[in-house]
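Notes for the one structure printed next.
Residue numbers (the numbering used here): 486 to 872.
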């Protein structure tokens, strides 16, 4: 019973937090532009979020293995609430920078530690429960984005930021109430806190093929949110409505893929499902590069679906590759690899696009995805990767 209460609390908390995030993320660039009048300052907002989000993943996971996940997770929600207060009260660009930095810190445990906690609680059906959590996250982002399109002009002012603050603080309280010290909330204590030894434990020969796929998944996720909408959707005369529809389709596709892919990986095996997800993504992206209209959106949605299937299968596979006492560390390593791809992939493909090479760059990226699927399949054939 305790693990069901924990799972419900985590899913409800992350859904409503992501509703707030999806509602407000599109408002920040306009607010920064209004306060500073500089496009470079708008670009710096992304860096303020990215640096803590990427750099704190592994230390946070290792600390959670040492001291338990619950309080770190609840604190993450509270820090997201503080970030929203900084957004709402901002009268200078520095407050927006502070808020974005705090949000980067706060979302680290929300993304990494909740899956680690769920993987401790659920030895059977692990893929399904991880997929449900990730689906709740992406469906919350979808709902928040739709609410933003419908109501933000009517609200005006800082109303959406107060909603984000409410979801952050209430989410932290719900985690403390619903998770507490039950089930897997406290991992068995490790012998000591050594980041280097933790990294050596989780990144082994058996997991490198999975982590390389996670980096590519992060690249794809970042490219889908930045370069592809401008280069493919808007660049082919689709306009703002097509871009908005694309984002909705992407989040829905990834969310459904997480839900379905997790259950499939429990039955068919982790590596089989990871490989299928990569093949679907790598096969659909080149087709999208030459498509237009509904076919373009359809191929992109299928590619996003493939990425989502890979994500949840990889998360479950990596979780099963380490002892329970290192589940936080492996989850942090997952999002460190994801974040590395997320913030380098768009820059590389964007640079290629500036020089007229978007199509060839997308083909190279697709080839890397398909090659990684082949490496996973080869490792699976030799029994070297968790299946």
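Beta carbons: idealized from backbone N, C-alpha and C, even for Gly.
| request: Entirely within the region 582 to 618 and at least 4 residues each: give me those alpha helix (DSSP H) ranges in chain order. | output: Within the region 582 to 618, no complete alpha helix (DSSP H) run reaches 4 residues.
| request: Using alpha carbons as the reference points, say which of 619, 858 and 645 lies closest to residue 568. | output: Walking along the chain shown from the start, residue 568 turns up at place 83. Ranking the options by Cα distance to residue 568, first place goes to 645.
| request: Count the other CB atoms, across all protein chains shown, that sit within 10 Å of the CB of residue 676; report buried if there are 16 or more and exposed otherwise. | output: Along the chain shown, read from residue 1 onward, the residue named residue 676 stands at position 191. Because the pLDDT of residue 676 is 49, which lies under 50, any placement of that residue in the model is unreliable, and the number read from its coordinates should be weighed accordingly. By the beta-carbon neighbour count (other beta carbons within 10 angstroms, threshold 16), residue 676 is exposed.
| task | Along the alpha helix (DSSP H) that carries residue 511, what are the first and last residues, could you check? | result | On the chain shown, residue 511 is found 26 positions in, with the first residue counted as 1. Residue 511: not part of any alpha helix (DSSP H); DSSP gives it neither H nor E.
| field | Contact with chain D by residue 803, beta-carbon distance below 8 angstroms | value | Reference to chain D is not applicable here, since this structure consists of a single protein chain.
| Which stretch, first to last residue, makes up the alpha helix (DSSP H) that contains residue 708? | Looking up residue 708 in the chain shown gives position 223. Counting along the chain, the alpha helix (DSSP H) containing residue 708 begins and ends at 693 to 710.
| message | Rounded to the nearest angstrom, what separates residue 708 and residue 763 at their Cα positions? | response | Numbered from 1 along the chain shown, position 223 holds the residue referred to as residue 708. Numbered from 1 along the chain shown, position 278 holds the residue referred to as residue 763. Within the model, the alpha-carbon separation for residue 708 versus residue 763 is close to 15 angstroms.
| Does DSSP classify residue 554 as helix, strand or coil? | Indexing the chain shown from 1 puts residue 554 at position 69. The DSSP-derived three-state label of residue 554 is coil.
| message | What would DSSP say about residue 541, mapped onto helix, strand or coil? | response | By 1-based counting over the chain shown, the position of residue 541 is 56. It is coil, neither helix nor strand.
| task | Have a look at residue 508 and residue 496 and give me their C-alpha separation to the nearest angstrom. | result | Stepping through the chain shown from its first residue, residue 508 is reached at position 23. Stepping through the chain shown from its first residue, residue 496 is reached at position 11. In this structure, the straight-line span from the alpha carbon of residue 508 to that of residue 496 is close to 18 angstroms.
| query | Residue range of the alpha helix (DSSP H) that residue 810 falls in? | reply | Sequence index remark: in the chain shown, residue 810 carries index 325 (1-based). Neither: residue 810 is in no alpha helix (DSSP H) and is coded neither H nor E.
| query | Using DSSP with H/G/I as helix, E/B as strand and the rest coil, what is residue 577? | reply | The count along the chain shown starts at 1 and reaches residue 577 at position 92. Reduced to three states, the DSSP call for residue 577 is coil.
| field | Cβ-based burial, residue 775 [other Cβ within 10 Å; buried from 16] | value | Here the question's residue 775 lines up with position 290 in the chain shown. Burial call: exposed.
| request: In the DSSP assignment, find the alpha helix (DSSP H) that holds residue 777 and state where it starts and stops. | output: Position 292 of the chain shown, counting from 1, holds the residue named residue 777. That residue, residue 777, is in no alpha helix (DSSP H); it is neither H nor E in DSSP.
| message | Can you give me the C-alpha to C-alpha distance between residue 628 and residue 747, rounded to a whole angstrom? | response | Residue mapping note: residue 628 aligns to position 143 of the chain shown, counting from 1. Residue mapping note: residue 747 aligns to position 262 of the chain shown, counting from 1. Answer to the nearest angstrom: the Cα atoms are 22 angstroms apart.
| Expected contact under 8 angstroms - CB spacing of residue 810 and residue 550 to nearest Å | Stepping through the chain shown from its first residue, residue 810 is reached at position 325. Stepping through the chain shown from its first residue, residue 550 is reached at position 65. Residue 810 to residue 550, Cβ: 6 angstroms. Contact.
| For the putative contact between residue 830 and residue 698, defined by C-beta atoms under 8 angstroms, what is the C-beta separation to the nearest angstrom? | The sequence position of residue 830 within the chain shown is 345, counting from 1. The sequence position of residue 698 within the chain shown is 213, counting from 1. Not confirmed; about 13 angstroms, so no contact.
| field | residue 579 versus residue 652: straight-line alpha-carbon distance, rounded | value | Numbered from 1 along the chain shown, position 94 holds the residue referred to as residue 579. Numbered from 1 along the chain shown, position 167 holds the residue referred to as residue 652. One Cα belongs to residue 579, the other to residue 652, and the distance between them is close to 23 angstroms.
| residue 499 to residue 701, Cα distance in whole Å? | By 1-based counting over the chain shown, the position of residue 499 is 14. By 1-based counting over the chain shown, the position of residue 701 is 216. Rounded to the nearest angstrom, the two C-alpha atoms are 25 angstroms apart.
| message | Taking the alpha carbon of residue 660 as the reference point, which residue from 769, 852, 837 and 502 has its own alpha carbon closest? | response | Indexing the chain shown from 1 puts residue 660 at position 175. It is 502.
| request: Evaluate the contact criterion for the region 811 to 828 versus the region 607 to 617: three or more CB pairs, one atom per stretch, below 8 angstroms. | output: With the cut-off at 8 angstroms, the region 811 to 828 and the region 607 to 617 do not touch.
| message | Using C-beta distances below 8 angstroms, list every residue in its chain close to residue 530, excluding the 5 sequence neighbours before and after it, in chain order. | response | Reading the chain shown from its first residue, position 45 is the one you call residue 530. Taken in chain order, the residues that qualify are 513, 514, 517, 581, 582 and 585.
| request: Pull up the CB-CB distance for residue 734 and residue 786, whole angstroms please, since I reckon it's below 8 angstroms. | output: Position 249 of the chain shown, counted from the first residue, corresponds to residue 734. Position 301 of the chain shown, counted from the first residue, corresponds to residue 786. A Cβ-Cβ separation of about 5 angstroms places residue 734 in contact with residue 786 under the 8 angstroms criterion.
| said: Excluding the 5 residues flanking residue 625 on each side, which residues of the same chain have their C-beta closer than 6 angstroms to its C-beta? | reply: Working through the chain shown from its first residue, we reach residue 625 at position 140. So the list reads 500, 503 and 504, once near-sequence residues are dropped.
| request: Just tell me which of 801, 765, 487 and 804 has its CA closest to the CA of residue 789. | output: Within the chain shown, the letter at position 304 stands for residue 789. With distances taken between Cα atoms, residue 789 lies closest to 765.
| said: Considering just the uninterrupted stretch of the alpha helix (DSSP H) at residue 645, what are its terminal residues? | reply: Here residue 645 refers to the residue found at position 160 of the chain shown. Under the DSSP assignment, residue 645 falls in the alpha helix (DSSP H) whose first and last residues are 644 to 663.
| query | Do the region 793 to 801 and the region 587 to 596 make contact, defined as three or more Cβ pairs closer than 8 angstroms? | reply | The answer is no - the region 587 to 596 does not touch the region 793 to 801, with fewer than three Cβ pairs under 8 angstroms.
| message | Tell me the rounded alpha-carbon separation between residue 532 and residue 779. | response | What you label residue 532 is simply residue 47 of the chain shown in a count that begins at 1. What you label residue 779 is simply residue 294 of the chain shown in a count that begins at 1. In this structure, the straight-line span from the alpha carbon of residue 532 to that of residue 779 is close to 34 angstroms.
| Rounded C-alpha distance that separates residue 731 from residue 633 | Counting from one through the chain shown, the residue named residue 731 turns up at place 246. Counting from one through the chain shown, the residue named residue 633 turns up at place 148. Taking the Cα positions, residue 731 is about 15 angstroms away from residue 633.
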